[in-house]
Amino acid sequence: MSTTTDLFLNVVGNVASVARSRPAAGLITAVAVVSLYQLTRHLKRKAPSLCATFGGPTRFCNSLIGFVPESTQHSISTLEILADTYGDAYAMRMMGQDCLILTDAKLIREVLRKRPDSFVRAFNKDKLLSFSGVLATEGEEWKRHRRLGAPAFNAANAATMVPGDALVAKRFVRQLQKSVRQNDNRIVWEPRKSFLPAVFDCLCICVFGKDFRLVNPDDLPITDGSQGITEAIEDLTSGADHILTRVVHPVMARDRFPWNLHPMIKKFHSGVHRLSEFGEDLAAERRAEKESTSRVDLLSKLLQLNKEDLQGNLVT
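Residues in the sequence shown are numbered consecutively from 11, following the numbering used here.
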């Protein structure tokens, strides 16, 4: 949409410039533009209408922009409501484009089977996630990252990470036991608030080989830097959730003014930056260690990757 608008404004600017400098040439150009516009409208009138063929909501078919979703959830819920009215296949205009909506799983599979090269999953196509990695790429790029990271994800390395996860699980159980109410012998806890430290502990042990003791039932001294890395992970996860579910236009997810004034966009890019710096510094330390190859964390198994690939796979 923005590209079309920019192109139109550029054409208008060029026409105005020519008209000011050369009146005759400007007149000819204006006539050509008007003729082209009329021809385009004529071709559109002759083209078959998706709404006329498949039916659909009139208010979204006849307007210039059509349906503008506020978030992914808003888009899904609206399409489901319209499917109850117009059936398994209907047409509508969405974000300035004519779209055919299919909701029947059998029909979708039939279309994909007959035209396998016409439809692809568009995950991260617009680079909403600014880094590359196994979880942020598709197609050949994903195959490359999967091939580079295959040694780190084999069965032997995965098995060596189990003791670290088990240690965190034991701490988590002991911490829940400490929260038992004495009067009725019940555990009262908030799952999200209490479980996130356990998840972050497992991530840090498996990925970085660092035990920050975020789950700390014994009230032992906290490791230096644990608060910063925890905040970075929290900012990354909460910001990514906002970007993937609420940002309609990809440009609005960039770390640029004025989009980065939004607190969630700012949090996301801040978390990515801090995690990348932490991983880079830790990788430099591991490369200097003679015993780094004997470690079982993912970072030590990915040290052969270049800087960009290492950071992208660690963050994802």
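Glycine is no exception: its CB is placed at the ideal position from the N, C-alpha and C atoms.
- One Cα belongs to isoleucine 243, the other to valine 261, and the distance between them is close to 23 Å.
- Judged by pairs of C-beta atoms under 8 Å, the stretch 143–163 touches the stretch 305–320, as three or more such pairs exist.
- For arginine 202, the uninterrupted alpha helix (DSSP H) run begins and ends at 201–213, by DSSP.
- For threonine 147, the number of other beta carbons within 10 angstroms of its own is at least 16, and it is reported as buried.
- Considering only Asp228, Asp108 and Gly322, the residue with the shortest C-alpha distance to glutamine 185 is Asp228.
- According to DSSP, glutamine 185 shares a beta bridge with no other residue.
- The beta carbon of valine 190 is closer than 8 Å to those of Arg196 and Ile197 in its chain, skipping five residues each way along the sequence.
- Taking arginine 296 as the centre and dropping the five residues before and after it, the same chain places the C-beta of Ser302, Arg305, Leu309, Ser310 and Leu313 closer than 8 Å to its C-beta, in chain order.
- Within a 10 Å sphere around the beta-carbon of leucine 74 sit fewer than 16 other beta-carbons, which makes this residue exposed.
- Sequence-distant partners of methionine 274 (beyond 5 residues in either direction) whose C-beta falls short of 6 Å from its own C-beta, in its chain, are Gly249 and His252.
- DSSP places isoleucine 275 in the uninterrupted alpha helix (DSSP H) bounded by 273–298.
- The residues Gly76, Phe77, Met102 and Arg103, in chain order, have a CB closer than 6 Å to that of phenylalanine 70 in the same chain once the five nearest residues on each side in sequence are set aside.
- Annotated as proximal: valine 225 and aspartate 211, with beta-carbon spacing under 8 Å.
- For cysteine 109, the uninterrupted beta strand (DSSP E) run begins and ends at 107–112, by DSSP.
- In the displayed model, arginine 125 falls within coil according to three-state DSSP, outside both helix and strand.
- Nearest to alanine 294 by C-alpha distance, out of Gly281, Leu122 and Lys317, is Lys317.
- The residues Pro79, in chain order, have a CB closer than 6 Å to that of serine 85 in the same chain once the five nearest residues on each side in sequence are set aside.
- Where arginine 154 is concerned, the enclosing alpha helix (DSSP H) starts and stops at 149–159.
- Taking the Cα positions, valine 217 is about 7 Å away from leucine 324.
- Separation of the CB atoms of glycine 289 and glutamine 321 is rounded to 6 Å, and the pair is thereby assigned contact status at 8 Å.
- At the C-beta level, alanine 115 and phenylalanine 64 stay beyond 8 Å of one another.
- Taking the C-beta atoms as reference points, histidine 279 is found nearer than 8 Å to aspartate 265.
- Collapsing the DSSP output to three states places alanine 101 in a strand.
- Looking at the DSSP output, valine 190 shares a beta bridge with Ile197.
- Excluding five sequence positions before and after cysteine 214, the CB atoms of its chain that fall closer than 6 Å to its own CB belong to Lys220 and Phe222, given in chain order.
- A distance of 8 Å or more separates the beta carbons of histidine 155 and valine 172.
- The secondary-structure analysis by DSSP pairs phenylalanine 77 across a beta bridge with Met104.
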